[in-house]
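**Q** With the first letter of the sequence shown counted as 1, position 137 gets the number 137 in the UniProt record's numbering; the numbers rise by one all the way through. Ideal Cβ placement from N, Cα and C applies to all residues, glycine included. Sharing a structure below in structure tokens format, with a few things to ask.
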Amino acid sequence: MRTSLFPWLPVVILSALFLSGGPAAIAATNAPKTLAAYTLGQDISAAAEYLDMNSAQTIWNQEWFKQVEVKNLPGFRNGYLIYGNCNMPGKILRIKLKYDDSNLAFFERLQKILQDRYGRGEWRGDPFGTLHSWKWGFTDERGDSISVILQHYSGADTSYTEGNSIRLANRSALTREKACGEAREKDEGRQQDKGKVPSFDWYLPK
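Written as structure tokens, this is what we have:
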């Protein structure tokens, strides 16, 4: 009978999986799709009551996406949706919402419920206590990658959303939308003759 050189290795691997929250993606049957009034893959017209359609616009330098702000959504201060403008026109691909309640205690309550529902998740916060962030990854019934990111921020960096916020996204659909848009831009670029740059000074302010 052959004896393993490292009989403790399976225990270490299992312990590491337990401490890290298990596998990176949770089973398809548990993949969330809905947040408040919005559902991934749904046409934005279905949630028109809670959207400011006058704010809808393409995203600069990413014209394959459109963005629209939320409005009159109970429990949330503000937020926006990203929806398709190429492969899945009008379909919701990403949801980001900021909660009315900005307290850390509220964040911790949300985090505990999500942990009980989906497992530990992946810690993505900082060691200083200003950024608390947890991410959960899922694979849905189509094999798409779905992510949830719950965040609390109390620092001075304006690139982060202050208070409590949550994001729900179909990352695979976002990737497909980008590929569609880039292919379309490439085709349009072939058809468009812009002419020659008159001089290098054309690139510079003067």
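Quick one: what's got a C-beta closer than 7 Å to residue 111's C-beta in the same chain, skipping five residues either side?
**A** Locating residue 111 in the sequence shown gives position 111, counting from the first residue. Once the five neighbours on either side are set aside, the close Cβ partners of residue 111 are 134, 150.
**Q** With DSSP as the reference, label residue 62 as helix, strand or coil.
**A** Your numbering for residue 62 matches position 62 in the sequence shown. Strand.
**Q** What's the gap between the Cα of residue 120 and the Cα of residue 142?
**A** Walking along the sequence shown from the start, residue 120 turns up at place 120. Walking along the sequence shown from the start, residue 142 turns up at place 142. In a straight line, the C-alpha of residue 120 is about 24 Å away from that of residue 142.
**Q** Suppose contacts are defined by Cβ-Cβ distances below 8 Å. Is residue 91 in contact with residue 79 by that definition?
**A** The sequence position of residue 91 within the sequence shown is 91, counting from 1. The sequence position of residue 79 within the sequence shown is 79, counting from 1. Cβ atoms of residue 91 and residue 79: not closer than 8 Å.
**Q** Measuring only the C-alpha atoms, how far is residue 152 from residue 42?
**A** The count along the sequence shown starts at 1 and reaches residue 152 at position 152. The count along the sequence shown starts at 1 and reaches residue 42 at position 42. C-alpha separation (whole angstroms): 28 Å.
**Q** On the criterion of 16 or more Cβ atoms from any shown chain inside 10 Å, does residue 188 qualify as buried, or is it exposed?
**A** For the purposes of this step, residue 188 is taken as the residue at position 188 of the sequence shown. Exposed, by the Cβ-count rule.
**Q** With a Cβ-Cβ cutoff of 8 Å, do residue 93 and residue 38 count as a contact?
**A** Translated into positions along the sequence shown, residue 93 becomes position 93. Translated into positions along the sequence shown, residue 38 becomes position 38. Cβ distance not < 8 Å, so residue 93 and residue 38 don't count as in contact.
**Q** Does the pairing of the segment 52-65 with the segment 168-184 give three or more beta-carbon distances under 8 Å?
**A** Yes: the two stretches touch, three or more of their Cβ pairs being nearer than 8 Å.
**Q** Can you say whether residue 155 is buried or exposed, counting buried as having 16 or more other CB atoms within 10 angstroms of its CB?
**A** Residue mapping note: residue 155 aligns to position 155 of the sequence shown, counting from 1. The residue is exposed, with fewer than 16 neighbouring Cβ atoms inside 10 Å.
**Q** Does the beta carbon of residue 83 come closer than 8 Å to any beta carbon on chain D?
**A** This model lacks chain D altogether; it includes just one protein chain.
**Q** Return helix, strand or coil for residue 174, following the three-state DSSP convention.
**A** Position 174 of the sequence shown, counted from the first residue, corresponds to residue 174. Helix.
**Q** Which residues bound the alpha helix (DSSP H) around residue 146?
**A** The residue you call residue 146 lines up with position 146 of the sequence shown. Segment 145-153 is the beta strand (DSSP E) holding residue 146; no alpha helix (DSSP H) there.
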